[in-house]
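Colleague: Residue numbers (the working numbering), protein chains in the order written: chain B, 1 to 448; chain L, 1 to 424. Virtual Cβ for every residue (Gly too), placed ideally from N, Cα, C.
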């Protein structure tokens, strides 16, 4: 009940709880137009209250009744200074008792094409609105930071890339047998096969890290409303044994682009995406379509690659496995779906091979990077549905029947913040606890 | 009667210097640093948003930065900016006089401190320096009130006369130094061209970036050519300017705030909002908060032209969080609503994304693509393409493009330099 009370308190705060004095309300059989849209969503019981406001800026007051696991929210709205208002039909918010990981980690960056000023990897406690930096690019002299990953959601074990002068990949407590805290910087391009790391997947065994190694470029459309195309001139998969720091190249191909590695939860299969390289990038961009591949993994060795999905009209990216299901992003072509408004999240059921777009969570705009909670009951994904440019995070509950509930926008203390923030949320990942502040430790690596 | 007269004299004595400082600094600053102030506002930002405040308070000097950022929004009107500078300088005078109150010549010391501060502030790129000096002065003033020394007696008529002469002398001297300062003059001229371009005041650009100016400093040439381009005079007058090659047109890809700004204007003028938006983001990203008042206003304009009304509204809503820009943002909202109502809903592009061309480092290719792919490409794109071909010495391509862009039936009606090359 404490949780329900906190929800209501927050909603009341959101609607400013202004005295409506002598306002008389006319009842209507419609739901209120609120932002964010929390009507009929399912939220975890430990989640910070979903705070909303009227889209048209009217004042509102909120009341609620609780029936089992459903909160019925009644909203009455009126324009300041007017004597009449509208009472809307109560809407439900469903409470799920399936636990959700307490934290998420993401990168905040301006979606501003080539340059940036401040960027960083941040964490957000889901039970509150508290956001804290894990590490920002002040640690690496304003260089780029990207592709953070945690060992099976362990907040203590983290890997990310910190670019710029003297940059490389930062390994935090990554040694599987390590007992003491360690923060290391390794420029992968200066080791083994001489390839830099990008997208990262950490085997649940804690010992093997797989990276894609991409030569990425971007070009700018002259007239398309989707203004950017990001493409790889080359890409491969490399694997690092964290016990020995040895780097190997599991697949050697001449005319294939391999990227987006992801492990199955048991660590015995590596999924990745591969496309025939038509060359002459970006002019042949529409010919670049990635298919989903897999390779069995045992005792540090990979078996022959197998094609999992190959759909002529789709390019697959970001496979994420949970049990028998793989969520992936599908776009019409290319390797960077965030700049494709047609990009949607799809799901493959490995038990029967069926594939479907997850219509219940997709939107007209870009729906892209996604990640499963550690228990596979929730998924968080990034979407540009609010304004078409600034990526925001949405969460949805995965039902027992294999469908998802209506996604809800990550609640903010002030819902306006979703519109006022000039940064995009990248690479949302669930984490099982609070990640220690890594700013000083990483800064030390760059001060040497 | 004598007592009253003494009081008036005493009041005059204590007011004459600060009033003289206030008026002089205000007038001189608004005259000689007009465009410097306007460009400080273009590059500044103050937003009453959680992100802005969080970032400001995570940077060094948060309080003085906050005050400085808050003040800079009022520089949108150069006269207001000059008045703020004058108030800061005058306040420093009062603080210094108060701190040195035991000193017979305290007002002279205050004068010296304020003139020195004025000189330093005039040479800084933001009001931050002035705010820092003021904050330290106020702190010193506050501390001095607890110190056990007394105010010195009045200095008498000689000191009073000396104060008047010193006020006049020091203010005149500082004005002279600032007016003759080559660095300030050069900056002011450069900012004038940048500001005029960003305001699309092309005639003013041409009045500043004259042929003579361009000859003495070729960095003005791209602005002059852009102004000629925007006013349809490129083919008529471009070779009158000291052009050395296609690079004189300015699309050289240098990574600097000025170059991003220039390129955003080039693409705006030629009717390619996509690349103009790209360049606007680029120069915004060079700022501490990854945006500025100038960038936000331009972004609203460009997104509205590009018929991306959702984003245009987002930027207008953000701009509304600056008290000085609220009215501008509200007017922008009205324009967005009107444009949205008038929008035909047709795509901005003549081609699909798969067929669309991409901006390259080849300006000839870019201008050709803009002409063929952008629905709102302008005549300036054609002229610019011809200018590139002319300056690259591609005669055959120039002639075929000219026949496509202009009616060559009557060559006499062609712009002068296009005609000369065409008839060769």
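1) Counting pairs of beta carbons, one from the segment 101 to 115 of chain B and one from the segment 63 to 78 of chain B, are three or more of them closer than 8 Å?
2) Measure the Cβ-Cβ separation of residue 85 of chain L and residue 22 of chain L and say whether it is below 7 Å.
3) Pull out every residue of the segment 217 to 231 of chain B whose Cβ sits closer than 9 Å to any Cβ of chain L, in chain order.
4) How would you call residue 346 of chain L, buried or exposed, if buried means at least 16 neighbouring beta carbons within 10 angstroms?
5) Can you give me the C-alpha to C-alpha distance between residue 326 of chain L and residue 308 of chain L, rounded to a whole angstrom?
6) Given 8 Å as the limit, is there contact between the segment 186 to 204 of chain L and the segment 217 to 235 of chain L, that is, 3 or more CB pairs closer than that?
7) Nearest to residue 136 of chain B by CA position, among B:119, B:394 and B:29, is which residue?
8) What first and last residue would you give for the beta strand (DSSP E) that runs through residue 339 of chain B?
9) Leaving aside the five residues before and after residue 114 of chain L along the sequence, list all residues of the same chain whose C-beta is less than 6 Å from its C-beta, in chain order.
10) Report the residue from L:319, L:322, L:266 and L:338 whose alpha carbon sits nearest the alpha carbon of residue 378 of chain L.
11) Hey, is residue 17 of chain B's beta-carbon within less than 7 Å of any beta-carbon in chain L?
12) Going along chain L in order, which residues have a C-beta closer than 8 Å to the C-beta of residue 388 of chain B?
13) Select from L:416, L:290 and L:17 the residue whose C-alpha is nearest the C-alpha of residue 172 of chain L.
14) Could you confirm whether any beta carbon from chain B is found closer than 7 Å to the beta carbon of residue 301 of chain L?
15) Do you know offhand how far residue 233 of chain L's Cα is from residue 43 of chain L's?
16) Unbroken beta strand (DSSP E) runs of length 3 or more, entirely within the segment 107 to 142 of chain B: which are they?
17) Which same chain residues, not among the five before or five after residue 16 of chain B, have their C-beta less than 8 Å away from its C-beta?
18) Taking just the CA atoms, how far does residue 244 of chain L sit from residue 413 of chain L?
19) Excluding the five sequence neighbours on either side, which residues of its own chain have a C-beta within less than 6 Å of the C-beta of residue 70 of chain L, listed in chain order?
20) Tell me the start and end of each unbroken alpha helix (DSSP H) in the segment 95 to 168 of chain L that is at least 4 residues and wholly inside, in chain order.
21) At a CB-CB cut-off below 9 Å, which residues of chain L make contact with residue 282 of chain B?
22) So residue 389 of chain B and residue 383 of chain B are in contact, right, with Cβ under 8 Å, and what is the actual spacing, rounded?
23) Does the Cβ of residue 438 of chain B have 16 or more other Cβ atoms within 10 Å, making it buried, or fewer, making it exposed?
24) Buried or exposed for residue 163 of chain L, going by 16 or more other Cβ atoms inside 10 Å?
25) For residue 275 of chain L, which residues in chain B fall below 8 Å Cβ to Cβ?
26) Where does the unbroken beta strand (DSSP E) through residue 144 of chain B begin, and where does it stop?
27) Which residues in the same chain as residue 214 of chain L place their Cβ atom closer than 7 Å to its Cβ, once the five residues preceding and following it in sequence are excluded?
28) In chain order, what are the residue ranges of uninterrupted alpha helix (DSSP H) at least 4 long that sit wholly in the segment 227 to 277 of chain L?
29) Out of B:71, B:56 and B:218, state which residue places its alpha-carbon closest to the alpha-carbon of residue 458 of chain B.
30) Which residue from L:48, L:315, L:87 and L:290 puts its Cα closest to that of residue 301 of chain L?
31) For my contact list, residue 148 of chain B and residue 427 of chain B are in at a C-beta cut-off of 8 Å; report their separation, rounded to the angstrom.
32) Name the chain C residues that come within less than 7 Å of residue 370 of chain L, Cβ to Cβ?
33) Against residue 348 of chain L, what residues of chain B qualify as contacts under a CB-to-CB distance less than 7 Å, listed in chain order?
34) Would residue 89 of chain B and residue 35 of chain B be called neighbours here (beta carbons separated by less than 7 Å)?
35) Looking at chain L, which residues of the segment 99 to 131 of chain B have a Cβ within less than 7 Å of any of its Cβ atoms?
36) Is the CB of residue 445 of chain B under 7 Å away from at least one CB in chain L?
Modeller: Result, derived from the coordinates:
1) The segment 101 to 115 of chain B, when compared against the segment 63 to 78 of chain B, does not touch it at the 8 Å Cβ threshold.
2) The count along the second chain starts at 1 and reaches residue 85 of chain L at position 85. The count along the second chain starts at 1 and reaches residue 22 of chain L at position 22. It is not a contact, given that the beta carbons lie outside the stated cut-off.
3) Answer set for the segment 217 to 231 of chain B: 219, 220, 221, 222, 223, 224, 225, 226, 227, 228 and 229.
4) As a working mapping, residue 346 of chain L is identified with position 346 in the second chain. So residue 346 of chain L ends up on the exposed side.
5) Within the second chain, the letter at position 326 stands for residue 326 of chain L. Within the second chain, the letter at position 308 stands for residue 308 of chain L. Whole-angstrom Cα-Cα distance: 21 Å.
6) As far as the Cβ criterion goes, the segment 186 to 204 of chain L touches the segment 217 to 235 of chain L, which means the pair count is three or higher.
7) The residue given as residue 136 of chain B occupies position 136 in the first chain. Minimum Cα distance to residue 136 of chain B is reached at B:119.
8) Locating residue 339 of chain B in the first chain gives position 339, counting from the first residue. Membership of residue 339 of chain B in any beta strand (DSSP E) is not indicated, and neither H nor E is assigned to it by DSSP.
9) Residue mapping note: residue 114 of chain L aligns to position 114 of the second chain, counting from 1. Closer than 6 Å at Cβ, skipping near neighbours: 21, 89, 92 and 93.
10) Against the second chain, residue 378 of chain L aligns to sequence position 378. That would be L:266, whose Cα lies nearest to the Cα of residue 378 of chain L.
11) The residue labelled residue 17 of chain B in the question sits at position 17 within the first chain. Below a pLDDT of 50, predicted positions are generally treated as unreliable, and residue 17 of chain B, at 47, falls in that range; the measurement from the model is reported next regardless. Chain L, which has no Cβ nearer than 7 Å to the Cβ of residue 17 of chain B, makes this no.
12) Within the first chain, residue 388 of chain B is the residue found at index 388, counting from 1. Within 8 Å Cβ-Cβ: 308, 310 and 311.
13) Walking along the second chain from the start, residue 172 of chain L turns up at place 172. Comparing alpha carbon positions, the residue from L:416, L:290 and L:17 closest to residue 172 of chain L is L:17.
14) By one-based count along the second chain, residue 301 of chain L stands at place 301. Among the residues facing chain B, residue 301 of chain L is not included, as its CB has no counterpart in that chain under 7 Å away.
15) Counting from one through the second chain, the residue named residue 233 of chain L turns up at place 233. Counting from one through the second chain, the residue named residue 43 of chain L turns up at place 43. Between the alpha carbons of residue 233 of chain L and residue 43 of chain L lies a distance of about 30 Å.
16) Those beta strand (DSSP E) runs which fall completely within the segment 107 to 142 of chain B and span 3+ residues are 120 to 125 and 131 to 136.
17) As a working mapping, residue 16 of chain B is identified with position 16 in the first chain. With a pLDDT of 47 at residue 16 of chain B, under the threshold of 50, the modelled position of this residue cannot be trusted, and the question is left open.
18) As a working mapping, residue 413 of chain L is identified with position 413 in the second chain. As a working mapping, residue 244 of chain L is identified with position 244 in the second chain. The C-alpha of residue 413 of chain L lies about 26 Å from the C-alpha of residue 244 of chain L.
19) Here residue 70 of chain L refers to the residue found at position 70 when the second chain is read from its first residue. Closer than 6 Å at Cβ, skipping near neighbours: 46.
20) Entirely contained in the segment 95 to 168 of chain L, the alpha helix (DSSP H) runs reaching 4 residues are, in chain order, 106 to 122 and 128 to 145.
21) As a working note, residue 282 of chain B is residue 282 in the first chain. Chain L residues near residue 282 of chain B: 358.
22) Locating residue 389 of chain B in the first chain gives position 389, counting from the first residue. Locating residue 383 of chain B in the first chain gives position 383, counting from the first residue. Their Cβ separation, rounded to whole angstroms, is 12 Å, which puts residue 389 of chain B and residue 383 of chain B out of contact at 8 Å.
23) The residue labelled residue 438 of chain B in the question sits at position 438 within the first chain. Counting C-beta atoms within 10 angstroms of its own C-beta, residue 438 of chain B has 16 or more neighbours from the protein chains shown and is therefore classed as buried.
24) Numbered from 1 along the second chain, position 163 holds the residue referred to as residue 163 of chain L. Buried: at least 16 other Cβ atoms inside 10 Å.
25) On the second chain, residue 275 of chain L is found 275 positions in, with the first residue counted as 1. What residue 275 of chain L touches in chain B, judged by beta-carbon distance under 8 Å, is 220 and 222, going in chain order.
26) Translated into positions along the first chain, residue 144 of chain B becomes position 144. If you look at residue 144 of chain B, you'll find it isn't in any beta strand (DSSP E); DSSP assigns it neither H nor E.
27) Translated into positions along the second chain, residue 214 of chain L becomes position 214. Counting only Cβ-Cβ distances below 7 Å, and skipping sequence neighbours, we find 220, 221, 224, 241 and 242.
28) Residue ranges of uninterrupted alpha helix (DSSP H) with 4 or more members, entirely inside the segment 227 to 277 of chain L and ordered along the chain, are 234 to 237 and 257 to 270.
29) Chain B is shown only over 1 to 448; residue 458 of chain B falls outside these bounds and no answer can be derived.
30) Along the second chain, read from residue 1 onward, the residue named residue 301 of chain L stands at position 301. Ranked by Cα distance from residue 301 of chain L, the options L:48, L:315, L:87 and L:290 are led by L:315.
31) For the purposes of this step, residue 148 of chain B is identified with residue 148 of the first chain, where counting begins at 1. For the purposes of this step, residue 427 of chain B is identified with residue 427 of the first chain, where counting begins at 1. Separation of the CB atoms of residue 148 of chain B and residue 427 of chain B is rounded to 6 Å, and the pair is thereby assigned contact status at 8 Å.
32) The structure shown contains no chain C; its protein chains are B and L.
33) Counting from one through the second chain, the residue named residue 348 of chain L turns up at place 348. The answer, in chain order, is 223 and 225.
34) Residue mapping note: residue 89 of chain B aligns to position 89 of the first chain, counting from 1. Residue mapping note: residue 35 of chain B aligns to position 35 of the first chain, counting from 1. No, these two residues do not count as a Cβ contact at 7 Å.
35) Within the segment 99 to 131 of chain B, 110, 112, 113, 114, 115, 116, 117 and 118 place their CB atoms closer than 7 Å to a CB of chain L, listed in sequence order.
36) Walking along the first chain from the start, residue 445 of chain B turns up at place 445. Using a CB distance cut-off of 7 Å, residue 445 of chain B does not count as an interface residue toward chain L.
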